[in-house]
Amino acid sequence: MKIVMLGPPGIGKGSYAKELSKRLNIPHISTGDIFREEIKKNTDLGKRVRSYVEKGELVPDDIVVEVVRRRLSESDCAKGFILDGYPRTLRQAEELDKITKIDLVFNFVAPLEVIIDRVSGRRICRKCGAIYHIKYKPPRKEGVCDICGGELYQREDDKPEIVRNRLKIYEEQFRPIVQYYKNKGILVTVNAARTIDEVVKECVSIIKKLESYKV
Ligand code: AMP
2 MKIVMLGPPG
12 IGKGSYAKEL
22 SKRLNIPHIS
32 TGDIFREEIK
42 KNTDLGKRVR
52 SYVEKGELVP
62 DDIVVEVVRR
72 RLSESDCAKG
82 FILDGYPRTL
92 RQAEELDKIT
102 KIDLVFNFVA
112 PLEVIIDRVS
122 GRRICRKCGA
132 IYHIKYKPPR
142 KEGVCDICGG
152 ELYQREDDKP
162 EIVRNRLKIY
172 EEQFRPIVQY
182 YKNKGILVTV
192 NAARTIDEVV
202 KECVSIIKKL
212 ESYKV
């Protein structure tokens, strides 16, 4: 099953993708993770994308499309994959169609206040990058990472006023992409204002239903 995940920042897409990847035994491909890894390793690609990623700007389509094309051609993607963080532009969606045939697009939605609550409670470890939430996944000791003892901090762009702005930008940017997949008849909207487990269960049941149609 070839799946695309759409949804605003902070809705939990990454968590759903990771869990689904385990349950379905297909790779979770996050373009953001790929770029961060390349930057860390200081590869040629990392050098080309660093300034965009650091500023939170979109990496140019030509670069992203090439990265996705290469990654999807690897053997572990033959059975399927979960694409997270791509497409972010209409052009990326169109190019993806030239690379492969997407079966299903999940569009995760939740009320604004739920998203703000999730994002603004997020804390990250400065040392190892582990992610916590002050309400839903608190560390054992406030402000300290359970795993490595590092200091926890809040990303500047996770603060409520900035989150509101990011969500507005997201809406405008993604409206045409959501419409694109709706027109193709492969978009399924999922209510993400529930626990991770509930959301993932619904995704699995949608996938199973679709697979039984295909057989
Ligand atoms: P993410 O972890 O998905 O928020 O991605 C982190 C950063 O990587 C983004 O702010 C962009 O700079 C870059 N990036 C990731 N995916 C894409 C994409 N599909 N198109 C353009 N830039 C991307």
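Using my numbering, read the sequence shown as starting at 2 and increasing by one per residue. Even for Gly, the Cβ is constructed at its ideal location relative to N, Cα and C.
{"Query": "At which residues does the alpha helix (DSSP H) containing arginine 176 begin and terminate?", "Result": "161–185"}
{"Query": "How many angstroms separate the CA atom of phenylalanine 175 from the CA atom of aspartate 198?", "Result": "26 angstroms"}
{"Query": "Closest to glycine 86 by C-alpha separation, out of Arg24, Lys80, Val54, would be which residue?", "Result": "Val54"}
{"Query": "Note down, in chain order, each residue of its chain lying with its Cβ closer than 6 angstroms to the Cβ of isoleucine 83, except the 5 sequence neighbours on either side.", "Result": "Ile4, Ala18, Leu21, Ser22, His29"}
{"Query": "Decide if cysteine 146 is buried, meaning its Cβ has at least 16 other Cβ atoms within 10 Å, or exposed.", "Result": "buried"}
{"Query": "Please report the residue range of the beta strand (DSSP E) in which leucine 105 lies.", "Result": "105–110"}
{"Query": "Looking only at its own chain, which residues have a Cβ that is under 6 angstroms from the Cβ of valine 115, when we skip the five neighbours before and after it?", "Result": "Ala194"}
{"Query": "Using a strict less-than 5 angstroms threshold between each residue's beta carbon and the heavy atoms of the ligand AMP, what residues do you get?", "Result": "Thr32, Gly33, Phe36, Tyr53, Val54, Gly57, Leu59, Val60, Val65, Gly86, Tyr87, Arg89"}
{"Query": "Can you check which of these residues, Ile208, Cys149, Arg156, is closest to histidine 134 by C-alpha distance?", "Result": "Arg156"}
{"Query": "In three-state DSSP terms, what is valine 65?", "Result": "helix"}
{"Query": "To the nearest angstrom, report how far apart proline 140 and valine 120 are at their CA atoms.", "Result": "16 angstroms"}
{"Query": "Which first and last residues belong to the beta strand (DSSP E) in which arginine 124 is found?", "Result": "123–126"}
{"Query": "Taking 9 angstroms as the threshold (C-beta atoms), are arginine 72 and isoleucine 27 in contact?", "Result": "no"}
{"Query": "Using 9 angstroms as the threshold, is the C-beta distance between tyrosine 182 and isoleucine 117 below it?", "Result": "no"}
{"Query": "How is leucine 188 classed by DSSP in three states: helix, strand or coil?", "Result": "strand"}
{"Query": "Does DSSP put serine 74 in a helix, a strand or coil?", "Result": "coil"}
{"Query": "Taking 9 angstroms as the cut-off, decide whether the C-beta atoms of arginine 167 and proline 10 are in contact.", "Result": "yes"}
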